[in-house]
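Please read the structure below before turning to the comments.
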Amino acid sequence: MNFDFTEEQELFRKRLREGIERVIKPGYMERWPHDEFNYAVLKDLKELDLLGFAVPEEYGGQGYSLSAVETGIILEEMGRCDQSYTTIWGGLNNCCEMLMALCDDKELLDEWIPALCAGEKFVGYGFVEPGTGTDLSNIQTRGIKDGDCWIINGAKASVSFCNVDAHIVAVRTNEQKGSRGVTLFLIPDDLEGVEHFIYTDFGLKQIGRGDLAFKNVRVPERYMLGAEGQGFKNIMHIFDHGRPGIALQCIGAAESVMEECYEYCKQREVFGQPLSKYEAISFGLAEHQTKLDAAKLLAYKAMWLRDQNRWNAKEAGQAKFFGCEAAFDAIWFATRCFGHLGYTTDYPALNKLADTIGFAWGDGSWEACKMVAIREIAGPEFLPYERRNKDVSYKVMSGFQKV
Ligand SMILES: Cc1cc2nc3c(=O)[nH]c(=O)nc-3n(C[C@H](O)[C@H](O)[C@H](O)COP(=O)(O)OP(=O)(O)OC[C@H]3O[C@@H](n4cnc5c(N)ncnc54)[C@H](O)[C@@H]3O)c2cc1C
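Note that the sequence shown covers residues 4 to 406 in the working numbering.
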């Protein structure tokens, strides 16, 4: 067993931290209150050479084969400085990966991928709906075939990157087939009938979350991603990929707050001694750091399994709820150690707490992740619902399902 990152990965992390601390860290508090998707983020990510990492060079990418563990390193490092940036980078990475894996139409790839790699365009994803929420297999947004187009009607809720250039959208294309009747489409937002409603959020403000509505939107058949009926499986695949990364970005945020807290506790004196001397403080910090360290191991294990092409749904689900909760608890404890100063905008701890809270739901709620974990640990009898398609075994998937 070897718990070390490779020398290359350590060097990668070191360079990344230097760049992120130079470009992203300084403006965090100034940017934080602004509730809109910020295209300037993409310029910064480009300056850091972080766009189109895993995209082939012929599409304007860097053609680097980024492992899941390396993706985790990027998310953890960026999470230390700004979780809106991290979420935007992670979302873009997922969308590029989905488009490259699921789209066969060279013209469409030529139109979108180089622009995504250049930071000129952005694509989000809309899966969750106002009426069905966590129950993703019950998607109600409808697509009806009409010649070489699909006419799409419905709504998506809580879409990060709501007001951007296009979305990968889950659409019901078959009424009878349950989760096998869900298909993914790339829907450009300038098509007639696409509407946006942006929220005012409590944190992660620059991801610009909101609702999307589709009113008789005509989407050409060639915008279908993967085969008809494969959408649900591909969404689950992207979750198993994304969830440990979300945990790592929250852990990164918590670690940055904890580090600041250690320094503060060493110098702040009350009752004639530094705070660090009181066990109520030092034991609390030890406990929270231990949970963060354990959560990090779990998250990197989930990433590592993915790199071995092994099934990681259990570890991905566990990493998400355990990691985000450990991060939340650690940041809240550290904030209290700062005393009243923790409640001022001189310390970014509460902003980081607000950002972290978003991942109690984002990319699947903690409860949804626990459902996946217990399904894997003890079997489908522990699910609160009857599986609609009992013959579907997600374990056979080692990648996106195209056909
Ligand atoms: C910051 C942020 C970003 C997001 N980005 C996106 C995005 O880009 N695209 C997208 O499609 N969605 C996105 N979401 C939506 C997110 O995936 C959903 O919020 C989540 O799936 C839960 O759905 P819901 O909010 O409708 O809650 P509901 O399904 O209504 O659930 C309400 C509560 O009950 C719990 N619950 C539900 N079912 C059960 C059960 N069977 N047993 C126990 N508890 C249960 C849930 O965990 C939740 O806490 C985002 C959310 C946030 C907060």
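Note that the Cβ used here is the ideal one computed from N, Cα and C, for glycine as well.
The closest CA to that of L295, considering only A118, L215, Q252, E272, is found on Q252. Taken atom to atom, the span from the alpha-carbon of A256 to that of I154 is near 42 Å.
Ligand 1 never approaches Y202 closely enough for any of its heavy atoms to be under 7 Å from the residue's Cβ.
In this structure, ligand 1 has no non-hydrogen atom nearer than 7 Å to the beta-carbon of V174. Around H37, the same chain offers K208, Q209 as residues with beta carbons nearer than 7 Å, after the five sequence neighbours per side are excluded. When D349, I380, C372, S368 are compared, the shortest CA-CA separation from Y31 is found for D349. Residue environment for M4: exposed (fewer than 16 other C-beta atoms within 10 angstroms of its C-beta).
Between ligand 1 and the CB of Y128, the shortest heavy atom gap is smaller than 7 Å.
In this structure, the C-beta of P59 stays at least 7 Å away from each heavy atom of ligand 1. In the three-state reduction of the DSSP assignment, Y350 falls in the coil class.
Bounds of the beta strand (DSSP E) holding V174 are 169–175.
Ranking F217, V167, L228 by CA distance to the CA of V185 puts L228 first.
Relative to ligand 1, D38 has its C-beta separated by 7 Å or more from all heavy atoms. Cα atoms of F235 and L344: separation of roughly 46 Å, rounded to the nearest angstrom. Short note on K159: C-beta closer than 7 Å to some heavy atom of ligand 1. Judged by beta-carbon spacing, V260 lies within the 8 Å limit of K355, meaning their Cβ atoms are closer than that value.
The closest heavy atom of ligand 1 lies less than 7 Å from the beta carbon of G136. Judged by DSSP in its simplified three-state form, F200 adopts strand.
A direct Cα-Cα distance of roughly 42 Å separates R309 from K280. In the three-state reduction of the DSSP assignment, E195 falls in the coil class. In the DSSP assignment, D214 forms a beta bridge with F200. Per the DSSP secondary-structure output, W115 pairs with nothing in a beta bridge. About 17 Å separates the beta carbons of L119 and V162, which is beyond the 8 Å limit, so they are not a contact pair. By the neighbour-count criterion, in which a residue is buried when 16 or more other Cβ atoms sit within 10 angstroms of its Cβ, R18 is exposed. In the three-state scheme derived from DSSP, where H, G and I count as helix and E and B as strand, K148 is classed as strand. Annotation for R25: no residue places its beta carbon closer than 6 Å to its own, counting only its chain and skipping 5 residues before and after. Ligand 1 approaches E370 closely enough that one of its heavy atoms is under 7 Å from the residue's Cβ. In terms of Cα proximity to I91, the closest of E224, G55, A160 is G55. Leaving aside the five residues that flank T135 on each side, the residues in its chain whose CB is nearer than 7 Å to its CB run, in chain order, N141, I142, Q143. In chain order, I142, Q143, T144, G157, A158, K159, A160 place their CB closer than 8 Å to the CB of E132, counting only its own chain and leaving out the 5 sequence neighbours on each side.
In the DSSP assignment, F331 forms no beta bridge with any residue. Bridge pairing for W153: K148, V222 [DSSP]. Distance between L102 and A169, taken at the CA atoms: about 12 Å.
Annotated three-state conformation of Y265 is helix, per DSSP. Taken from the Cβ of V162, at least one heavy atom of ligand 1 lies inside 7 Å. A43 is positioned such that its CB atom lies no closer than 8 Å to that of M306.
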